[in-house]
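Read through the structure below, which is laid out as structure tokens, and then see the notes.
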Amino acid sequence: MSSPSKRRDMDVMKLMMSDYTVEPINDGINEFNVEFHGPKESPYEGGVWKVRVELPDAYPYKSPSIGFVNKIFHPNVDELFLDDRSGSVCLDVINQSWSPMFEYCERYAKKEHMDNTLTDDSEVEVSDNEAFSDGRSDSDDEVAGRADP
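In structure tokens:
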């Protein structure tokens, strides 16, 4: 087994042993769904989200692809179920500044704190970013409205 394969296997195993629910897709370890709960004391508290993760053959040298399966209100995530959008995450730590030194589980946890990582540079949904900027209570209501209990 090559070093990248060992690394991928190790990272996936760590994720499966964490508090997340991990469901392999097509009996492989390159594609899987991960279910997580919103962090406490955040607008996402009480919500449950599922993301689809695809690890490229070049992982860990190339970043994983992450997309939400269900809707989430956040300017750094494509709106899902509208047109042909994918629910893909546009977080800087996942896309632009990925490094093979990152452990997937370590970076995965960043997603849980998305309400603290709003950036104009990586926004996908301008309307969501405007709502977040205009008032936290309004955006909290919108987040709660899209959370799957």
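Numbered according to full-length UniProt numbering, the sequence shown spans residues 1 to 149.
All C-beta atoms in this analysis are idealised placements derived from N, C-alpha and C, irrespective of residue type, glycine included.
Of the residues assessed, residue 11 falls on the buried side of the cut-off, its CB having 16 or more other CB atoms within 10 angstroms. Excluding sequence positions up to five before and after residue 55, its CB lies within less than 7 Å of the CB of 8, 30 and 64, all in the same chain and listed in chain order. The C-alpha of residue 26 lies about 22 Å from the C-alpha of residue 19. For residue 65, the secondary structure class from DSSP, reduced to helix, strand or coil, is strand.
If you look at residue 50, you'll find it in the beta strand (DSSP E) that goes 48-54.
Distances from the CA of residue 39 to each of 32, 33 and 49 were compared; the closest alpha carbon is that of 49.
The residue from 67, 68 and 61 with its alpha-carbon nearest to that of residue 98 is 61.
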